[in-house]
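Asks: Residue numbers (full-length UniProt numbering): 1 to 778.
Every residue gets a Cβ at the ideal spot worked out from N, C-alpha and C, and that includes glycine.
Remember, it's a predicted structure, so these values are computed and weren't measured experimentally.
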């Protein structure tokens, strides 16, 4: 009962300590609340990902539609993917046509859209109605008749649509759909990505735990002086510690309530926030019950433990407070053991095998020990460093003397940024080491063309007009446009015989020179094109491309059933050339002919390929190209050429890191600012005395800057050394080689920027605390 009575007394002091007591408690509550809000958000991430994935799979076509031929029925739907892109943001959607009276409906859609009608997501509907969406409106000129509800969307800001059509058929590219709901299991993360995700979680959550522990210690100096007064009236040391624990418990409980309030308010508005084209529904941010309960228990318990441990370094006596920093220096050996133990755990875990499952617990434990070990090293380094600093300008001396008297508060304030920077350095090293594994060369050449379009199952006349329309598009400089079909050797063949077949490519001379090593070309010429270094395939091409003989230009039965063959004679003097790669990295061989040799409009069916080079100085040139494609064929896809391609899972992990890092950096900045304001408030009387004795305000401002800069610099040194060590070990575990040792430089720059930011934000309070009324006492 004594424990409960003492804790209750501490709670009464925290709740009824007057203006100063409430200010101290409020600072603690805000600090703990910010950390709790971020912990609740982190605990909601699994539920958020699960809900997004379930909605995504619910609107995907049922696996049976992909794996088998679906018979036509009263509920089947023909559809074609009409996804596009607008100013760098993906716009997904489908053209659909009902084949019966009761077509299956996608999630979130109440009625099947009729011809020319569109069901659009709220974000797309808003964009199309705004001036910013004028170019997209040209591409999607349909009448919006309904809005897709939340169950049919991945996120609230997603651009998604369904358009009804009355002309879509299997012959024009329509794919028959039996229903919605993909139950195919998701592809698991590779071991390398699992290690990355583990390290990301540790790096992002460790500063949160440190920030909460720091927030509990806000106002420690004033609390210790009040406890000294209690000692004067007869309270023993154990009782004072329990009273201090009660104060911390009250502040942490208020922090829990504040954190819950911050979380619920932020959750309410999360649907209106979009970062890097990512957003979430408020209902997605729901932590599991056991996780919320764990946070509710762990935060107050940690607050009490941190306070009891901190009180061991302070002697609260009846006549005042004496800190042990002057009589006993901090010891280094046990502080080195913690990160060394973490590195040992990682080393004993061994290398991660490519096909073996990854045990996350030793990896997470090792990384946590390393990062928290760095936070333990920081107080020793700051104390050892400032004890050797003497002389200098008045502002410098004021800052150094303050740090010499109490370096613990400074080290607590920057421990969060130390851990965050160390983790960021390790992550950057790891991403740099494994990046090549998840980025592949596409073979594409964006300097020759920036866009690629493809349209099949069209007439030769339509294919030719497609190329002409792209060439007439605003901002287009050149189009490598071809009309392609198949050419076969005329004759009658048995069922078990393979008909000699090769491809026929029709284009102008400039286009053909991009596709083959042609030295001379005039309108009316034709060429036999062999693949490079493949004699067997070259011989197969020659089976069909017989010079001086007839060739049958006939579409496959899938393209144009019942189409009459077109016979054409390959000129006897047709030269044989070797293929070369086009801008998308592909090679074409077979027969190539200019428009003067074969008029593409005579072909019964064909496909068209356009590789488009644009003037990138023309604003929205990509949108003009996509609008032309949509005008020709709403189902035509426009792909952007890129020399490299990144793995989707790897890209998702990087996106998650960016989002988490943004929240963590905001928390770190808040932590340093609150700590700085708390220290200034503690020194209100001292600052007023200094000003009263003639100290210039500018001098005090510079002293605040140096008082922030010295601990942050020490923290960055520890973070860089520890981050490089952790990154090297993690890279070794993945059997990779460290490729970039200088990745810490941006982190050092971020630390410098944070010093300036925190100092500038604390100056208004500093000027106010220098007023003469700070000399008053109560």
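#1: Out of 600, 295 and 7, state which residue places its alpha-carbon closest to the alpha-carbon of residue 308.
#2: So what does DSSP say about residue 763, is it helix, strand or coil?
#3: Report the CB separation of residue 259 from residue 40 in whole angstroms; it is logged as a contact under 8 angstroms.
#4: Less than 8 angstroms between the C-beta atoms of residue 538 and residue 570, yes or no?
#5: Runs of 4 residues minimum, wholly inside the stretch 144 to 183: which ones carry the alpha helix (DSSP H) assignment?
#6: Helix, strand or coil, according to DSSP, for residue 397 in the structure here?
#7: Which one or two residues does DSSP pair with residue 452 in a beta bridge?
#8: Find out if the Cβ-Cβ distance for the pair residue 373, residue 408 is shorter than 8 angstroms.
#9: Taking its Cβ as the centre, do 16 or more other Cβ atoms sit within 10 Å of residue 627, making it buried, or is it exposed?
#10: Can you list, in chain order, the residues of its chain with a C-beta nearer than 8 angstroms to that of residue 497? Leave out the 5 residues immediately preceding and following it.
#11: Return the residue from the list 103, 517, 489 and 641 that minimises the CA-CA distance to residue 614.
#12: Using CA coordinates, which residue listed in 461, 722, 629 and 266 is at the minimum distance from residue 485?
#13: Taking 8 angstroms as the cut-off, does the stretch 54 to 62 touch the stretch 296 to 303 (at least 3 CB pairs, one atom from each stretch)?
#14: Along the chain, where does the alpha helix (DSSP H) that runs through residue 524 open and close?
#15: Report the partner residues of residue 567 according to the DSSP bridge assignment.
#16: Per DSSP, residue 385 is paired with what?
#17: Return the chain-ordered list of same chain residues with a C-beta closer than 8 angstroms to the C-beta of residue 79, the five sequence neighbours on each side being excluded.
#18: Residue ranges of each alpha helix (DSSP H) run of no fewer than 4 residues wholly in the stretch 250 to 313, ordered along the chain?
#19: Give me, in chain order, the residues of the same chain whose beta-carbon lies closer than 6 angstroms to that of residue 443; leave out the 5 immediate sequence neighbours on both sides.
#20: Between residue 637 and residue 454, is the Cβ-Cβ spacing less than 8 angstroms?
#21: What residues in its chain sit with their C-beta under 8 angstroms from that of residue 3, if we drop five residues either side in the sequence?
#22: Which residues in the same chain have their Cβ closer than 6 angstroms to the Cβ of residue 500, if we skip the five residues on either side of it in sequence?
#23: By Cβ distance, which residues of its chain are closer than 8 angstroms to residue 249, with the 5 residues on each side in sequence left out?
#24: I need the boundaries of the alpha helix (DSSP H) containing residue 112, first residue and last residue.
#25: Identify whether residue 431 lies in helix, strand or coil by the three-state DSSP scheme.
#26: Would you mind stating whether residue 75 and residue 104 have Cβ atoms separated by less than 8 angstroms?
#27: Which residue from 509, 279 and 767 puts its Cα closest to that of residue 680?
#28: How should residue 269 be labelled, buried or exposed, when 16 other C-beta atoms within 10 angstroms of its C-beta is the threshold for buried?
#29: Under 8 angstroms between the Cβ atoms of residue 128 and residue 109?
#30: Can you find the residues in the same chain that come closer than 8 angstroms, C-beta to C-beta, to residue 155, ignoring five residues on each side of it along the sequence?
#31: For residue 333, count neighbouring C-beta atoms within 10 Å of its own C-beta (all shown protein chains included) and say buried if the count is 16 or more, exposed if not.
#32: What's the gap between the Cα of residue 678 and the Cα of residue 180?
#33: Give the straight-line distance between the Cα atoms of residue 558 and residue 606, rounded to the nearest whole angstrom.
#34: Using the beta-carbon count (16 or more within 10 Å), is residue 693 buried or exposed?
#35: Taking Cβ to Cβ, would you say residue 194 is nearer than 8 angstroms to residue 367?
#36: I need the straight-line Cα distance from residue 712 to residue 735, nearest angstrom please.
Replies: Answer, in terms of the structure:
#1: Scanning 600, 295 and 7 for the CA closest to the CA of residue 308 turns up 7.
#2: Note: residue 763 maps to helix in three-state DSSP.
#3: That belief holds up - the Cβ atoms of residue 259 and residue 40 are roughly 7 angstroms apart, short of 8 angstroms.
#4: Contact flag unset, no.
#5: Uninterrupted alpha helix (DSSP H) stretches at least 4 residues long and entirely within the stretch 144 to 183 do not occur.
#6: Helix, per DSSP.
#7: Note: residue 452 sits in a beta bridge opposite 611 and 639.
#8: The beta carbons of residue 373 and residue 408 sit no closer together than 8 angstroms.
#9: Per the 10 Å Cβ criterion, buried.
#10: Within the same chain, no residue comes within 8 angstroms of residue 497 by CB-CB distance, once the 5 residues on both sides are set aside.
#11: 641 is the residue among 103, 517, 489 and 641 whose C-alpha sits nearest the C-alpha of residue 614.
#12: Comparing alpha carbon positions, the residue from 461, 722, 629 and 266 closest to residue 485 is 461.
#13: With a cut-off of 8 angstroms, the stretch 54 to 62 and the stretch 296 to 303 do not count as touching, because too few Cβ pairs lie within range.
#14: From DSSP, residue 524 is part of no alpha helix (DSSP H); its letter is neither H nor E.
#15: 552, per the DSSP bridge assignment.
#16: Within the DSSP bridge table, the entry for residue 385 names no partner.
#17: Here the set comprises 94, 95, 96, 97, 168, 174, 175 and 177.
#18: For the stretch 250 to 313, the full-length alpha helix (DSSP H) segments reaching 4 residues or more read 289 to 311 along the chain.
#19: In its chain, beyond the 5 residues on either side, 585 have a beta carbon closer than 6 angstroms to the beta carbon of residue 443.
#20: Closer than 8 angstroms, so yes.
#21: The answer, listed in chain order, is 242.
#22: Taking residue 500 as the centre and dropping the five residues before and after it, the same chain places the C-beta of 489, 543 and 544 closer than 6 angstroms to its C-beta, in chain order.
#23: Cβ within range, chain order: 7, 10, 11, 300, 303 and 304.
#24: Run containing residue 112: none; DSSP gives neither H nor E here.
#25: Correct three-state label for residue 431: helix.
#26: The criterion of a C-beta distance shorter than 8 angstroms is satisfied by residue 75 and residue 104.
#27: Per the Cα distances, 767.
#28: Exposed is the label assigned to residue 269, since fewer than 16 other Cβ atoms lie within 10 Å of its Cβ.
#29: No Cβ-Cβ contact shorter than 8 angstroms links residue 128 with residue 109.
#30: Leaving aside the five residues that flank residue 155 on each side, the residues in its chain whose CB is nearer than 8 angstroms to its CB run, in chain order, 52, 278, 279, 280 and 281.
#31: Exposed: under 16 other Cβ atoms inside 10 Å.
#32: Distance between the alpha carbons of residue 678 and residue 180 is about 57 angstroms.
#33: For residue 558, the predicted model reports a pLDDT of 45, less than 50, meaning its position is unreliable and no value from the coordinates is stated.
#34: Exposed: under 16 other Cβ atoms inside 10 Å.
#35: Result no, Cβ atoms of residue 194 and residue 367 do not sit closer than 8 angstroms.
#36: Taking the straight line joining both Cα atoms gives about 33 angstroms.
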